[in-house]
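Number of protein chains: 2
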Amino acid sequence: MATEIERKFLVAGDGWRSSVTDHLDIRQAYLSVTDTNTVRVRLSGRAAFLTIKSAGAGLTRQEFEIAIPFVDAEAMLALRTGRIIEKRRHIAPAGLLRWEIDVFAGDLDGLVIAEIELPAETAEFERPHWLGAEVTGDPRYGNSSLATNGLPSTGR
Amino acid sequence: MATEIERKFLVAGDGWRSSVTDHLDIRQAYLSVTDTNTVRVRLSGRAAFLTIKSAGAGLTRQEFEIAIPFVDAEAMLALRTGRIIEKRRHIAPAGLLRWEIDVFAGDLDGLVIAEIELPAETAEFERPHWLGAEVTGDPRYGNSSLATNGLPSTGR
Chain A
0 MATEIERKFL
10 VAGDGWRSSV
20 TDHLDIRQAY
30 LSVTDTNTVR
40 VRLSGRAAFL
50 TIKSAGAGLT
60 RQEFEIAIPF
70 VDAEAMLALR
80 TGRIIEKRRH
90 IAPAGLLRWE
100 IDVFAGDLDG
110 LVIAEIELPA
120 ETAEFERPHW
130 LGAEVTGDPR
140 YGNSSLATNG
150 LPSTGR
Chain B
0 MATEIERKFL
10 VAGDGWRSSV
20 TDHLDIRQAY
30 LSVTDTNTVR
40 VRLSGRAAFL
50 TIKSAGAGLT
60 RQEFEIAIPF
70 VDAEAMLALR
80 TGRIIEKRRH
90 IAPAGLLRWE
100 IDVFAGDLDG
110 LVIAEIELPA
120 ETAEFERPHW
130 LGAEVTGDPR
140 YGNSSLATNG
150 LPSTGR
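Line order of the protein sequences matches chains A and B.
Once you know that position 109 of the first sequence is 108 in numbering that gives the first Met the number 0, the rest is easy, because the numbers rise by one and skip nothing.
Once you know that position 130 of the second sequence is 129 in numbering that gives the first Met the number 0, the rest is easy, because the numbers rise by one and skip nothing.
Following this line, the structure appears as structure tokens:
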């Protein structure tokens with residue numbers, strides 16, 4: 000079990016692309032979204048994971064990530080609730096930390112979100128010039144909401 | 000991924016006890032129960048599993064069982080929906096097959112259910128004298144219903 004502290008931002012422009020060192024194509028969907036937890040299946044590159052997170056829109060959530068066979072993950076997508084989210088995750092190192100910039104495709108085309116995982120809620124980090132408005136804790140930008148409700152109306 | 004074919008019966012009396020060769024104490028709870036799937040965490044003896052099953056009350060369901068660390072399973076119980084089910088599972092071999100007789104405890108005290116897993120929907124099997132009414136496909140006796148709704152009123 001891990002405790003995850005991450006902050007999430009919209010992105011203004013393409014300035015982040017020059018910092019990118021790697022990317023990963025991700026398909027994911029939710030098996031369930033309840034008052035107490037979410038269960039997500041993710042195919043990420045050639046790996047696949049089942050991830051259980053405690054509910055809540057705050058900075059800190061309990062997270063359990065379990066590696067599963069890729070073929071099982073593909074079969075589980077059929078049991079999903081909501082849509083399959085497709086995105087390309089770009090990795091941009093930032094000192095000891097790193098930005099992950101998710102460029103969504105399909106129904107969510109046009110949405111770009113940058114996330115940074117922090118060692119503590121109070122951790123300092125540099126804000127690159129391409130960072131837009133913070134959406135940490137905004138339920139409309141949670142992956143489970145994007146899977147269920149689609150693109151926020153102010154997201155474009 | 001496995002496809003599970005099992006039949007489920009109430010139990011009349013204690014006649015099954017003489018066939019039992021082993022038992023296992025089980026604690027389990029559901030992380031979610033949706034229209035398309037259920038996600039269950041189970042602590043079974045010293046092992047722990049996360050099990051995803053496709054929805055449906057029929058004989059055949061898709062099932063994915065994933066071994067997880069025991070401490071993670073214990074922590075996941077706190078994220079459950081419904082109650083924790085506690086039961087002692089008795090194993091009674093029957094030729095190439097085996098009966099599993101679940102004696103429930105706690106809120107479900109008094110309930111005893113026998114299950115047999117079959118190699119095919121049409122497979123023949125012997126019905127021991129202690130077998131009661133069949134409840135295969137009866138949603139009231141599904142573990143997710145027992146966790147959410149408790150003991151069926153006709154279950155005693």
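For glycine and all other residues, C-beta sits at the position ideal for the given N, C-alpha and C.
Proximity below 8 Å, CB of residue i to CB of residue j
i: Ala-28(B); j: Leu-76(B); result: yes
i: Arg-45(A); j: Ser-53(A); result: no
i: Val-38(A); j: Ile-51(A); result: yes
i: Ile-100(A); j: Ala-91(A); result: yes
i: Thr-80(B); j: Thr-33(A); result: yes
i: Phe-63(B); j: Leu-42(B); result: no
i: Val-10(B); j: Val-111(B); result: yes
i: Asn-156(A); j: Ser-31(B); result: Given a span of 0 to 155 for chain A in the structure shown, any question on residue 156(A) remains unanswerable.
i: Ala-132(A); j: Phe-8(A); result: yes
i: Leu-130(A); j: Phe-124(A); result: no
i: Arg-82(B); j: Ala-146(B); result: yes
Of the listed residues the options, nearest to residue i (C-alpha basis)
i: Phe-48(A); options: Ala-74(A), Asp-34(A) and Ala-54(A); result: Ala-74(A)
i: Ile-4(B); options: Ser-144(B), Pro-151(B) and Ala-122(B); result: Ala-122(B)
i: Leu-96(B); options: Ile-67(B), Ala-119(B), Gly-131(B) and Asn-36(B); result: Ala-119(B)
i: Ser-143(B); options: Ala-72(B), Ile-84(B) and Asp-71(B); result: Ile-84(B)
i: Glu-114(A); options: Arg-139(A), Arg-88(A) and His-128(A); result: Arg-88(A)
i: Asp-13(B); options: Val-40(B), Pro-127(B) and Asp-71(B); result: Pro-127(B)
i: Gly-109(A); options: Pro-151(A), Leu-78(A) and Arg-16(A); result: Pro-151(A)
i: Val-40(A); options: Asp-137(A), Trp-98(A) and Ile-65(A); result: Ile-65(A)
i: Asp-21(B); options: Tyr-140(B), Trp-98(B) and Ile-67(B); result: Trp-98(B)
i: Leu-23(B); options: Gly-141(B), Val-102(B) and Arg-139(B); result: Val-102(B)
Chain B residues whose Cβ lies nearer than 9 Å to that of residue i
i: Asn-36(A); result: Leu-30, Ser-31, Val-38, Met-75, Leu-78, Arg-79 and Thr-80
i: Leu-150(A); result: Simply none; closest approach about 23 Å.
i: Leu-23(A); result: What Leu-23(A) touches in chain B: nothing, since even the nearest Cβ is about 22 Å away.
Within chain A, the residues that residue i reaches when beta carbons sit closer than 7 Å
i: Ser-53(B); result: Leu-78
i: Leu-117(B); result: Under the 7 Å cutoff, chain A gives no residues; its nearest Cβ is about 22 Å from Leu-117(B).
i: Leu-110(B); result: What Leu-110(B) touches in chain A: nothing, since even the nearest Cβ is about 25 Å away.
Residue i: contacting residues in chain A (beta-carbon distance under 9 Å)
i: Ile-100(B); result: Those do not exist, as Ile-100(B) stays about 30 Å from chain A at its closest Cβ, beyond 9 Å.
i: Ile-67(B); result: Phe-63 and Ile-65
i: Leu-145(B); result: By Cβ distance, chain A contributes nothing, its closest Cβ being about 18 Å from Leu-145(B), past 9 Å.
Chain A contact residues for residue i, given Cβ-Cβ distances below 8 Å
i: Leu-230(B); result: This structure cannot settle anything about residue 230(B), because the visible part of chain B is limited to 0 through 155.
i: Leu-158(B); result: Missing from the structure shown is residue 158(B); chain B here goes from 0 to 155 and no further.
Partner residues on chain B for residue i, Cβ-Cβ distance less than 8 Å
i: Leu-130(A); result: Within chain B, no residue comes near Leu-130(A); the closest Cβ sits about 32 Å away, beyond 8 Å.
i: Leu-9(A); result: Neighbours of Leu-9(A) on chain B: none; closest Cβ ~30 Å, over 8 Å.
Chain E contact for residue i (CB, 8 Å cutoff)
i: Leu-107(B); result: The structure shown contains no chain E; the protein chains it does contain are A and B.
| request: Counting only runs of 3+ residues fully inside the stretch 0-37 of chain A, write out the beta strand (DSSP E) ranges in chain order. | output: If we require 3 residues or more, the beta strand (DSSP E) runs fully inside the stretch 0-37 of chain A come out as 1-10 and 21-32.
| Length at least 4, wholly inside the stretch 51-85 of chain B: the alpha helix (DSSP H) runs in chain order | Positions of the alpha helix (DSSP H) runs, each at least 4 residues long and wholly inside the stretch 51-85 of chain B, are given as 69-76 in order along the chain.
| Enumerated in chain order, which unbroken segments of the beta strand (DSSP E) with a length of 3 residues or greater are wholly contained in the stretch 79-124 of chain B? | The DSSP assignment places 80-93, 96-103 and 111-116 as complete runs of the beta strand (DSSP E) inside the stretch 79-124 of chain B, in order along the chain (cut-off: 3 residues).
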